[in-house]
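Student: Sharing a structure with you now.
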Amino acid sequence: MAIQPFTFYMRHSILLLFWLLWISAAQAELVFTPQAPIVEVDKQITLSVSGTSGEITWSPSPQGGQIQGKGNQVTYIAPSLAGFYVLTVFDSKGNVGVVKITVTLAETISLENANWEVFTNRSYIRALVLSEEGQTLWVATAGGLEQREAQTGELKKVLTNLDGLPSNSVNSFVTDENGGLWIGTAGGLYHRYAQGTGEVFNKGNSGLPNNHVSSVIKDGQGGLWVGANEAGFGLAHRHADGTWEVFNKDNSGMPSNNVSFLMTDVQGGVWVGTGKFPGHGLAHRRADGSWEIFNQNNSKLPNNGIVSLLKDGHGGLWIGTWYGGLAHRHADGNWEIFNQDNSGLPDKSVTSLLDDGRGGLWVGTGEGGLAHRHADGRWDVFNQENSDIPHNQINSILADGLGGLWIGTGNFEAGSGVIHYHADGTWEVFKQTHAGLPDNDVTTILTDALGDIWVGTYNGGLAHLTANGAWELFDKNTGLPSNQVNSLISDGFGGLWIGTNEGLARRHADGRWEIFNPGNSGLPDTDIYSLFADDTGLWVGTKGGLAHQNPDGTWENLGLPSVGVYSLITDAQKGVWMAVDDGLVHLNADRTLEPFNKDNSGLPDNWVTFLLDDGLGGIWIGTKESGLARRKASGTWEVFNTSNSELPSNRVNTIIKDDQGGIWVGTDQGLAHRNPNSAWVIFNNSNAGAPANWVNTLLSDNHGGIWVGTSLEGGLGGLSHLTFGQKSALCTQVNTTEECNALLNDKRAAIIIHPRGQGRGYNQAFSIEFMATHAYRTLQARGYDNDEIYFLSYKPDVDINGDGMVDRNVVDGPITAFDLVGGTSPRDLTRADVLKSFDWAKQQGKLGHPLLLIFVDHALTGKLRLDPFNEILTAQDLGNMLTDYQQATDNQVAVVLEACHTGSLVSGLAGPNRVIISSTAEDLAYYDNLGTFSFSKFFFDNLRRGDNFFNAFQTVKDKLPTYGHPFNQQVPQLDDDGDGQANSSRDGRLARKICLNGCFGALSGEITLEAETVPSTVTVGQTVSIAVRAGITEGSIKRVWALVITPEAAKQRSEEGFSLIPTPVVKLHTADNHRVRWQGSFSGFRYKGEYVVTFMAEDDEGFITAAQPVVMTLPEGPEAPAVAAIAQTAYHDGDMFKVKLPPLPNGQVQYVGVALPDGTIFVLADLNGFAPFDGANLPVWQGSEVAIEVPISAGIPRGEYTIYLLRVPVGLEQPIAHPEQWVLGVNTFKVE
């Protein structure tokens, strides 16, 4: 663009607008490569520009990095601070171009990557045992061993490491002969005697070969069999005389050292189930010491992963497998197999078994709920959809002695608790409210030198969460002066100081306690608010003032006023900053006081809640009602509140620094992060899964995450660990260390190609977008980070997590979301764009998994469409790209094509080390329910569960015909032997070896939505109740809502089809305990037309499910106004502002106007034909569909503009005088 200096005042001279158009006509377009550079702080990137003439000057913005080199290609060195930086290029002919560079931190913080670990319950139930007298129900959980009253289920006690357990993770237990318990934990074996004392057995003090005990049973002779599911353990036998004997695969017939289940036989031997995945079969050690092994190779055992066993009462054995269903080995050696295909068994994973006492069998499954096989062979299934079972993973089943059952459910990902199924068929669910935490109101958090977490609570005392996950509790009965803990700080010697409302406590490293109060120390008050330690000793803020303890233990009388000191820190000058009753006070090193309040300083509020050293000589200050303040080292002040920043609330409870120069701020309305570039990210229980909005305290975990202590005032309360990215979280779900290392260290890459379709069919673009984004979400769920996915989409502002907001770092090309914000219009894909994605893939180097290429859109025979017109990618084109990529990297490739006719490409794409999957053969693919009912949706759901590519493919291929016409005509194709002949007997060998980022276990299940609302006719202003039934197979439903696309929302779209007004959202609530029926109401019926209601739900992993739309029709009423389409809501210098008019209905004329920020109004009759409005005369629009097209420059006034589109019947004279005939559409935008 050629730049000439000028002054532009639109309100004084319309001619200047025409002049601006004239100069823009002669501009030279400068093109940058890359178009939207992204670089990490202090890193460099090569930039090039084309379209220049003559000498070139590269000019970064102040502090915006450095340029090395000259000419059309240079090296850009990013600054140390992340952010958006403008780089301007001039040439000698007066042409100028601007490129915005995104400088990112190495570790980014975002809502989409947030992972919350919440410590509030013990709902992962692993085992159940009734005491011999039937009065006590013992429940093994991941957070300790619960003691419950057997008849009512009432919780009586929780045994934790405070009671002697070596670990709070309890895996298995049995009663002894004297009313005691043998408890197998992750930290060893614990024998709890009937009187409450106990003894720990571990690798160091016994013959136990490993501390991780997975299974413990009595041997029938006074001893124990003990097994573990960690390599190197095997099976241990503790004889009645206390001696130990260890069996493993090196010294016995054990097929594996991974023991998952133990059961004695009637002759004194033991059955040993090995592993979940992959497993090594079933071992039997006879009483004479001989071994026999059953596996898939030498028997009819359907799967080698053995997870449950049960005697059949006739000399036979019931065997529950991990992935092969249920096996019955009869006493005569014959086998009978039950699975989902030949019986009513609802799932292939059989986790628990119980004789029903009437010749039948109760069967707990991994994902299918509880099944009952009657003696006559009939099956009943109880799951989340048809019963009150809150979770379909059944871990333990126990007869209650009264004809009913106790059932243990849940898992680490989404636990549920204990269920009592009564003999009369009623259900009772016992959900926990807290786990190792003694109280869900967390007031303060501290980490020690060992990496342990100490948690102070408001009413429950002090909790100690060790690095291995065990909990230890301290209250006023075990050393604390009070259960109200206000503050914590390390004592520097392995112990800690604890401030309570009844005095100061010190717990020494050796476990000794000291209590300080005004009677035995220099404390002015027992109510301790705040603590801070420096090299001069300990500073104590109390309700009655400030106290100081010297390093030698003596107390210093400071002679300060008797005021509450709520927070305190020291500075480099040996001074002390204090938050007091009426502001902020600085105690200088010479013990003089300097007060600060809102009258004598920039402090916005005299009620100061928290203080933090900013690391630069200044302090951050949290206030109760006026937000966040910062006093810099220079003495200047800055204030952040809800009016001038994205701070979610003006009540600031706590502040900490992150590891990247930013801060975390805890408020009563959520958690906020401010990065060094002043950008904010807000986390609350609506958008991030936080357990509560009221954040009391924060602590860095020194790995990019934070510990968050919340209050019951803001929701659930408790302790949460917030981290970013899924890899660390997935490591807790995989079966082996190798799988975890692969997750953290393997390189992976995926390309998703999402072109713009031809738009035929009902919301087909939405359907295609859903399928593409669902694939992306699945990749994320399986551990792919955004920088491991190249998303090539015509639509730069896609929404991945289903919150309706653009996920700006998702689309990589051809136009990114950052480009869109910068004014670049979206465009269709080209073959060159696809080549660029392969270039990116090559740059990823050697991968640990196959490159995954996903295409979702339209196809012709032998061709993929890249736009609605003529841009295509032939099978030969794509095949050549695959060959070139594999020759460069030697990586395997998996291709998934979701489009009609894609089977016709299989032969052209087939090749060595390739899996080619198409959603159909050479004919049509079919879709329903806005893309949620499609091959790719089902396929990626199976991959998400951990299936390999072949099994996921085969499952969907077999499933489609069951849906009837037209899905019974769709035949997906798979070729992986390279011969181009799909679905042959030779195919599947490679696909069976490939899973999505590893073949680790299943993730949470799918949500099902069944609308109770039916299509109907409504009237203006009517209130309509809307309701939906929601269920989930595994996991939990976080929220349910309804999107209502109204006639005005449907009409008010930009020229690219984006919504210009928010689509109404109805938040639904549930009144039933099972969270199945969700309801709300909608009354926004204003304009004639269709109101499309789509129910949506989000699970606890952020996956969104949408129901089939329900259409309500308003037959009578005013027409919804049409508005002029504007591509953006905000414009900046260099953007092209364009106004496009929607089609004009027959029988109407239209008038166009624009109001400037100062209120001046111009009217237009043709393109850019601005004329001042005289208040009476309106010129009829005579132009085409584009009304305004001008570039934004420095001279255009800043502020809010309004575009008016007035339509009236043809022949109406003086329309300004007849407002009753108006259909007036109004749209706004800003120039910033």
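Residue numbers (the numbering used here): 429 to 1660.
All C-beta atoms, glycine included, are put in the ideal place defined by N, C-alpha and C.
Mapping the DSSP letters down to three states, classify Pro465 as helix, strand or coil.
Tutor: Here residue 465 corresponds to residue number 37 of the sequence shown, with the count starting at 1. Residue state, collapsed to three classes: coil.
Student: Could you check what DSSP says for Asp867 in three-state terms: helix, strand or coil?
Tutor: Position 439 of the sequence shown, counted from the start, is the residue given in the question as residue 867. Asp867 falls in the coil class under three-state DSSP.
Student: Would the beta-carbon of Lys1270 fall within 7 Å of that of Ala1316?
Tutor: Sequence index remark: in the sequence shown, residue 1270 carries index 842 (1-based). Sequence index remark: in the sequence shown, residue 1316 carries index 888 (1-based). The answer is yes: Cβ separation under 7 Å.
Student: Would you check if the segment 676-683 and the segment 693-710 touch, i.e. whether three or more CB-CB distances between them fall below 8 Å?
Tutor: yes
Student: Throw me the rounded Cβ distance for the Ala759 and Gly744 pair, which I believe falls under 8 Å.
Tutor: Position 331 of the sequence shown, counted from the start, is the residue given in the question as residue 759. Position 316 of the sequence shown, counted from the start, is the residue given in the question as residue 744. About 5 Å; that satisfies the 8 Å criterion.
Student: Please name the residue or residues paired with Arg940 in a DSSP beta bridge.
Tutor: Sequence index remark: in the sequence shown, residue 940 carries index 512 (1-based). Answer by DSSP bridge pairing: none, since Arg940 is not bridged.
Student: So, does the segment 514-526 touch the segment 471-484, judging by three or more C-beta pairs under 8 Å?
Tutor: yes
Student: Can you find the residues in the same chain that come closer than 6 Å, C-beta to C-beta, to Lys1291, ignoring five residues on each side of it along the sequence?
Tutor: Along the sequence shown, one-based indexing puts residue 1291 at 863. Closer than 6 Å at the Cβ level, and outside the excluded window around Lys1291, lie Ile1300, Thr1302.
Student: Hey, Gly889 and Leu901 are a contact pair by Cβ (cut 8 Å); roughly how many whole angstroms apart?
Tutor: Looking up residue 889 in the sequence shown gives position 461. Looking up residue 901 in the sequence shown gives position 473. Right, the Cβ-Cβ distance comes to about 6 Å (below 8 Å), so this counts as a contact.
Student: Please return the same chain residues whose Cβ sits closer than 7 Å to the Cβ of Ala622, not counting the five positions on each side in sequence.
Tutor: Here residue 622 refers to the residue found at position 194 of the sequence shown. Counting only Cβ-Cβ distances below 7 Å, and skipping sequence neighbours, we find Asn606, Gly607, Gly608.
Student: Mapping DSSP to helix, strand and coil, what is Arg757?
Tutor: Here residue 757 refers to the residue found at position 329 when the sequence shown is read from its first residue. In the structure shown, Arg757 sits in a strand (DSSP, three-state: E or B).
Student: Could you give the distance in angstroms between the alpha-carbon of Met438 and the alpha-carbon of Arg1514?
Tutor: Here residue 438 corresponds to residue number 10 of the sequence shown, with the count starting at 1. Here residue 1514 corresponds to residue number 1086 of the sequence shown, with the count starting at 1. The pLDDT assigned to Met438 is 35, lower than 50, so where the model puts this residue is not dependable, and the model offers no usable value.
Student: Here's a check: name, in chain order, each residue in its chain whose Cβ is nearer than 7 Å to the Cβ of Asp693, leaving out the five neighbours to either side.
Tutor: Within the sequence shown, residue 693 is the residue found at index 265, counting from 1. Within the same chain, Asp693 has close Cβ partners Trp699.
Student: In three-state DSSP terms, what is Val1334?
Tutor: Residue numbering aside, residue 1334 sits at position 906 when the sequence shown is read from its first letter. Val1334 falls in the helix class under three-state DSSP.
Student: Distance check for Glu856 and Ile847, CA to CA, integer angstroms please.
Tutor: As a first step, residue 847 must be located in the sequence shown, where it is residue number 419. As a first step, residue 856 must be located in the sequence shown, where it is residue number 428. Looking at the two C-alpha atoms, the distance is approximately 6 Å.
Student: Given that a residue counts as buried once 16 or more other Cβ atoms are within 10 Å of its Cβ, and exposed if not, what is Gly796?
Tutor: As a working note, residue 796 is residue 368 in the sequence shown. The residue is buried, with at least 16 neighbouring Cβ atoms inside 10 Å.
Student: Considering only DSSP beta bridges, list what Val1038 is partnered with.
Tutor: Indexing the sequence shown from 1 puts residue 1038 at position 610. At residue 1038 the sequence reads Phe, which differs from the Val that was named. Partner(s): Gly1050.
Student: Identify whether Gly845 lies in helix, strand or coil by the three-state DSSP scheme.
Tutor: Position 417 of the sequence shown, counted from the first residue, corresponds to residue 845. Reduced to three states, the DSSP call for Gly845 is strand.
Student: With DSSP as the reference, label Val1262 as helix, strand or coil.
Tutor: Here residue 1262 refers to the residue found at position 834 when the sequence shown is read from its first residue. Looking at Val1262 - three-state DSSP - the assignment turns out to be helix.
Student: Would you kindly report the start and end of the unbroken beta strand (DSSP E) that includes Met1540?
Tutor: Position 1112 of the sequence shown holds residue 1540. 1538-1542 is the extent of the beta strand (DSSP E) around Met1540.
Student: Could you check if His1182 is buried or exposed, using at least 16 other CB atoms within 10 Å of its CB as the buried criterion?
Tutor: Indexing the sequence shown from 1 puts residue 1182 at position 754. Classification for His1182: buried.
Student: Assuming contact is defined by CB atoms lying nearer than 7 Å, are Leu1337 and Gly1307 in contact in what I supplied?
Tutor: Mapped onto the sequence shown, residue 1337 falls at position 909. Mapped onto the sequence shown, residue 1307 falls at position 879. Their beta carbons are under 7 Å apart, which means Leu1337 touches Gly1307 by this criterion.
Student: For Met682, which three-state DSSP category applies?
Tutor: The residue you call residue 682 lines up with position 254 of the sequence shown. Residue state, collapsed to three classes: coil.
Student: With 7 Å set as the bound, which would you pick, yes or no: does the beta-carbon of Asp867 sit closer than that to a beta-carbon of chain C?
Tutor: Of the protein chains in this structure there is only one, and it is not chain C.
Student: Please look up how many angstroms separate the CB atoms of Thr1082 and Val1036, rounded, as I've assumed it's under 8 Å.
Tutor: As a working note, residue 1082 is residue 654 in the sequence shown. As a working note, residue 1036 is residue 608 in the sequence shown. Actually they are not in contact, since the Cβ atoms of Thr1082 and Val1036 sit about 12 Å apart, beyond 8 Å.
Student: Taking the straight line between their C-alpha atoms, what separation do you get for Arg1467 and Thr613?
Tutor: Your numbering for residue 1467 matches position 1039 in the sequence shown. Your numbering for residue 613 matches position 185 in the sequence shown. Approximately 35 Å, taken between the alpha carbons.
Student: Taking only three categories from DSSP, how would you classify Thr1383?
Tutor: Taking the first residue of the sequence shown as 1, we reach residue 1383 at position 955. Three-state DSSP puts Thr1383 in a helix.
Student: Mind checking whether Ala803 and Gly832 have CB atoms under 7 Å apart?
Tutor: Mapped onto the sequence shown, residue 803 falls at position 375. Mapped onto the sequence shown, residue 832 falls at position 404. Against a cut-off of 7 Å, the Cβ pair of Gly832 and Ala803 comes out as no contact.
Student: Using 10 angstroms around the beta-carbon of Asn814, count the other beta-carbons present and answer buried if the total reaches 16, otherwise exposed.
Tutor: Along the sequence shown, read from residue 1 onward, the residue named residue 814 stands at position 386. By the 10 Å Cβ count, Asn814 comes out exposed.
Student: If contact is defined by three or more beta carbon pairs under 8 Å, each pair taking one atom from either stretch, is the segment 1549-1566 in contact with the segment 1644-1658?
Tutor: yes
Student: Quick one: what's Tyr1579 bridged to in DSSP?
Tutor: Within the sequence shown, residue 1579 is the residue found at index 1151, counting from 1. BP columns for Tyr1579 point to Leu1634.
Student: Checking the sheet assignment: what are the DSSP bridge partners for Trp486?
Tutor: Against the sequence shown, residue 486 aligns to sequence position 58. Partner(s): Val517.
Student: Would you tell me roughly how many angstroms separate the C-alpha atoms of Asp1405 and Thr1201, rounded to the nearest one?
Tutor: Counting from 1 along the sequence shown, the entry for residue 1405 is found at position 977. Counting from 1 along the sequence shown, the entry for residue 1201 is found at position 773. When rounded, the distance between both Cα atoms is 29 Å.
Student: Residues bridged to Pro1619 by DSSP?
Tutor: Locating residue 1619 in the sequence shown gives position 1191, counting from the first residue. Paired residue(s): Met1564.
Student: Touch check for the segment 959-976 and the segment 1003-1019: three-plus C-beta pairs under 8 Å?
Tutor: yes
Student: Could you name the residues that DSSP lists as bridge partners for Gly1185?
Tutor: The residue given as residue 1185 occupies position 757 in the sequence shown. For Gly1185, which the question treats as bridged, DSSP gives no partner whatsoever.
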